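Chains as they are written, first to last, in the numbering used here: chain W, 1269 to 1465; chain H, 1269 to 1465. As structure tokens, the structure follows; a few thoughts come after it.
What follows is the structure, given as structure tokens:
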């Protein structure tokens, strides 16, 4: 059975996105700085970048798919990722509002799950067929799965950035101890990998 | 002129101490786990352990010296560190209540400063005579100096521990960006060193 992992870029002060997230600035003020290492020096982080999307199925929150704000779906919205999203597999989006699947190029299909985390994980497990499952974000979704003890492996890419406020990881309580299984420090980013103790 | 540094053991979720700090459990529930690496494998972290107290003067908050709770001083209290505290130099304790200096063995003297962070830093600078100055903690004091832009170098020892709540670093707002100047990952702890950008 595949591992359930959570692979996130995070500020030194613990945020996955800065304050004031909007559809124009989905990562909030300063949030893009957490991801700069992937664009600036991809060759130095090849293994870590590939691992982010090396899963058989993905789970994400409604906000990660469509930005902040609840309510019914905007019929034209198909995600931030253009015609060929980087997932190349099924993505299960947690939502309160039903939506038909949105197939994209390259094997990515967004499915919409109204039955909560457990239903999403069941469907992802079935779709992944033994491959790993990624809890892709955002913070609320990651916190929900972490607090429920559903995450086997946590990978953090710690950027030397302080965002001051925003969407904070580990804000969900009920946490277990971890074992550090790998770590690699580079001048721009520190890669940390933990397993459940 | 010496560097002002802040050298702290921190949980992966950003706490310097766990919840429910008392005089019996000054690090709060689980907080001791952040420091276990120093006791278990000191020989693997010699450089980092020495650097923690390699300063000409120290500044700490009232809670770090005497535990939580405000009010006048307990006349018998001389700190947690026994006869020969590890500082071997002057320690300036931020407080609202005057107190005569407390000299200890090995060169440590606790001085009590009622004029706030600026007065403490002025006195520490003079006492350090060109050597570095350590902002020793706890979280409120570290946050105060960080938010005021008074810290030149931040050293964090990130433990694979989740405390869930407690005394959180970076809870003071008004933060600048950092440059990562050194990092060393070991299975038990990750040493990160940052300078002000």
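Glycine included, each C-beta is placed from N, C-alpha and C at the ideal position. Given the structure is predicted, the values throughout are model-derived calculations rather than measurements.
Here residue 1310/H is exposed: its Cβ has fewer than 16 other Cβ atoms, across all protein chains shown, within 10 Å. Take residue 1282/H, set aside five residues on each side of it, and the residues of its chain with a beta-carbon closer than 7 Å to its own are 1436, 1437, 1438, in chain order. At least one beta carbon of chain H lies nearer than 8 Å to the beta carbon of residue 1460/W. Neighbourhood of residue 1282/H in chain W, by CB distance below 8 Å: 1281, 1282, 1438, in chain order. With respect to the 8 Å criterion, residue 1460/W and residue 1409/W are not classified as neighbours on the basis of their beta carbons.
The three-state secondary structure of residue 1446/H, taken from DSSP, is strand. In this structure the stretch 1382-1390 of chain H touches the stretch 1346-1366 of chain H; the number of beta carbon pairs closer than 8 Å is three or more. Against chain W, a Cβ distance below 7 Å from residue 1445/H picks out 1429, 1430. In the three-state reduction of the DSSP assignment, residue 1303/W falls in the helix class. Per the DSSP secondary-structure output, residue 1329/H pairs in a beta bridge with 1362/H.
DSSP places residue 1278/W within a strand segment (E or B) once states are collapsed to three. Pairing residue 1423/H with residue 1446/H gives a Cβ-Cβ distance that is not under 8 Å. For the 8 Å CB-CB criterion, residue 1302/W and residue 1427/W form a contact. For the pair residue 1280/W and residue 1327/W, the CB atoms are not nearer than the 8 Å cut-off. Just measuring C-alpha positions, the residue of 1395/W, 1299/W, 1418/W sitting nearest residue 1273/W is 1418/W. For residue 1409/W, the enclosing alpha helix (DSSP H) begins and ends at 1407-1415. Within chain H, the C-beta atoms nearer than 7 Å to that of residue 1455/W come from 1448, in chain order.
In this structure, the alpha-carbon of residue 1341/W lies about 8 Å from that of residue 1367/W.
The beta carbon of residue 1458/H sits closer than 6 Å to those of 1426, all from its chain and outside the five residues before and after it, given in chain order.
Setting aside the 5 residues that flank it on each side, residue 1449/W is surrounded in the same chain by 1461, 1462, 1463, each with a C-beta closer than 7 Å to its C-beta; the list follows chain order. By the neighbour-count criterion, in which a residue is buried when 16 or more other Cβ atoms sit within 10 angstroms of its Cβ, residue 1376/W is buried. Comparing alpha-carbon positions, the option among 1413/W, 1431/W, 1297/W, 1452/W lying closest to residue 1444/W turns out to be 1413/W. Within the model, the alpha-carbon separation for residue 1369/W versus residue 1401/W is close to 19 Å.
Beta-carbon to beta-carbon, residue 1453/W and residue 1452/H are separated by about 6 Å, close enough to satisfy the 8 Å threshold. Counting only Cβ-Cβ distances below 7 Å, residue 1451/W has contacts in chain H at 1453, 1458, in chain order. Note on geometry: alpha-carbon atoms of residue 1299/H and residue 1286/H lie some 5 Å from one another. Per DSSP, the continuous beta strand (DSSP E) segment holding residue 1427/W begins and ends at 1421-1427.
With a cutoff of 8 Å on beta-carbon distance, residue 1325/W and residue 1392/W are scored as near each other.
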